[in-house]
Amino acid sequence: MKKSEKVADILNILQKLYPKPPIPLNHKDPYTLLIAVLLSAQCTDARVNTFTPALFELADNPFDMMHKDVDDIKAIIRPCGLSPRKSKAISELSRILVEKHQGQVPCDFDALEELPGVGHKTASVVMSQAFEVPAFAVDTHIHRLAYRWGLSTGKSVEQTEKDLKRLFPKETWIALHLQIIYFGREFCPARGHDPQACPICSIYGRKGIKKS
DNA sequence: ATCCCGAGGG
DNA sequence: CCCTCTGGAT
């Protein structure tokens, strides 16, 4: 089978399962979305959801957040891990948004990546989900799935991103990111993965993939 | 006891 | 490139 047919098939499966993937943690507002994505980096959505209400009650905009004590932020986001670094990032980033961007989250890849705590992947999710700009960043989850599905060589995350951007049409990118993440969590997890239980691996999976 | 994960820094 | 940072999950 040709790769393009496989890609079309995979897109079909994802589209059927997740026709309209929910924005992470249901934050449509760019600022709260940015914070939520930043926090969910090494944390499950479910866990992030347990403390974001308290965090956004403390402050749900950069003008208020920049004046909050970093220790107060840290106390709230503690369950997500990496809390010292991230509390500082949230505080700093809020101040920069106010001072350099009129308190708005910039719709600009480079400006986003200059914010502390925001790298390529977080910026990409914000661009695609908050601003609906076609952006697609490959994180290690997507990297792993692309390898399992035989869409990439598995050499590096960077190479996988190039491969997938070439294989998947740009107009699919906005939904694709979350569709793959949600699919992975449900059917194709990092650990305890059963290729036969995965609707894509069971058809297209590489042979001899063991666990992760 | 070890793994996960992205950002940042050496 | 390689390492550390956290704390929950396995």
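In my numbering, the protein residues as written are 41 to 252.
Yeah, the Cβ is synthetic: ideal placement off N, Cα and C, and Gly gets one too.
Quick caveat: nothing in here was measured; it's all calculated off a predicted structure.
**OP:** May I have the straight-line CA-CA distance separating Ile182 from Glu139, to the nearest angstrom?
**Re:** Inter-residue distance for Ile182 and Glu139 is about 35 Å (C-alpha atoms, whole angstroms).
Original post:
Taking the runs of the alpha helix (DSSP H) that are 4 residues or longer, which of them lie wholly in the region 41-68?
Top reply: 43-57
Original post:
Going along the chain, which residues of its own chain have a beta-carbon closer than 6 Å to the beta-carbon of Ala170, five neighbours each way excluded?
Top reply: Pro70 and Leu73
Original post:
How many angstroms separate the CA atom of Asp109 from the CA atom of Trp213?
Top reply: 38 Å
Original post:
So Val166 is in the alpha helix (DSSP H); what residue range does that whole segment cover?
Top reply: Bounds of the alpha helix (DSSP H) holding Val166 are His160 to Ala170.
Subject >> Beta-carbon contacts of Val197 that lie in its chain and below 8 Å, excluding the five residues immediately before and after >> reply: Val178, Asp179, Thr180 and His183
Original post:
Counting pairs of beta carbons, one from the region 139-155 and one from the region 186-203, are three or more of them closer than 8 Å?
Top reply: no
Original post:
Smallest Cα separation from Pro209: which of Leu51, Gln219 and Val165?
Top reply: Leu51
Subject >> Cβ shell of Ile117 (< 7 Å), same chain only, five flanking positions each side left out >> reply: Leu79, Phe91, Leu95, Ser123, Lys126 and Ser127
Subject >> Local Cβ density within 10 Å of Ile249, reported as buried at 16 or more and exposed below that >> reply: Note that Ile249 scores 49 on pLDDT, short of 50, meaning its location in the model is unreliable and no value can be drawn from it.
**OP:** With DSSP collapsed to three states, give me the class of His233.
**Re:** coil
Subject >> Any non-hydrogen atom of the ligand PLP within 7 Å of Glu211 CB >> reply: The ligand PLP is absent from the structure shown, which contains no ligands of any kind.
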